[in-house]
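Take a look at the structure below.
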Amino acid sequence: VGDELVSAGAESGKVVAIQRLTATGVYNPMTLKGDVVVDGFAASCYTEMAPPAVGHLLLAPVRMIYRLTGFNILGALLEGETPKMFAYISEKLLQ
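Dropping the structure here:
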């Protein structure tokens, strides 16, 4: 609370409240560049547990597989679709 945000259009605003939400499942949007835009404000996809550069480096293989095959390997692992994932990747790479 109290942080100031600046949008892409150079509009600024202060954070007046924050809210914690607990839900079932794993939710963490990951993008190829490591950021998202919400209501015109850019935000990082990375956690505070490690610097963004470290997170980006560690996820490089995931981004490479997605760019080569179009397959979301991380989503497949989290959703228990590992056999389907390997079949899909093999099919795409052997075309």
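Residues in the sequence shown are numbered from 1445 upward in steps of one, following this note's numbering.
Glycine is no exception: its CB is placed at the ideal position from the N, C-alpha and C atoms.
The structure displayed is predicted, hence computed values, not measured ones.
Across the region 1495-1509 and the region 1465-1484, are there enough close Cβ pairs to call them in contact, namely three or more that are closer than 8 angstroms? yes
Quick one: is R1517 buried, meaning 16 or more other Cβ sit within 10 Å of its Cβ, or exposed? First, the amino acid is wrong: residue 1517 is Ile here, not Arg. Per the 10 Å Cβ criterion, buried.
Does the beta-carbon distance from V1460 to V1450 come in below 8 angstroms? Annotated as distal: V1460 and V1450, with beta-carbon spacing of 8 angstroms or more.
Where the alpha helix (DSSP H) containing A1486 begins and where it ends: Per DSSP, A1486 belongs to no alpha helix (DSSP H); it is in the beta strand (DSSP E), 1485-1488.
Reduced DSSP secondary structure (H/G/I, E/B, other) of K1458: Note: K1458 maps to strand in three-state DSSP.
What are the partner residues of D1479, as DSSP defines its beta bridges? S1488
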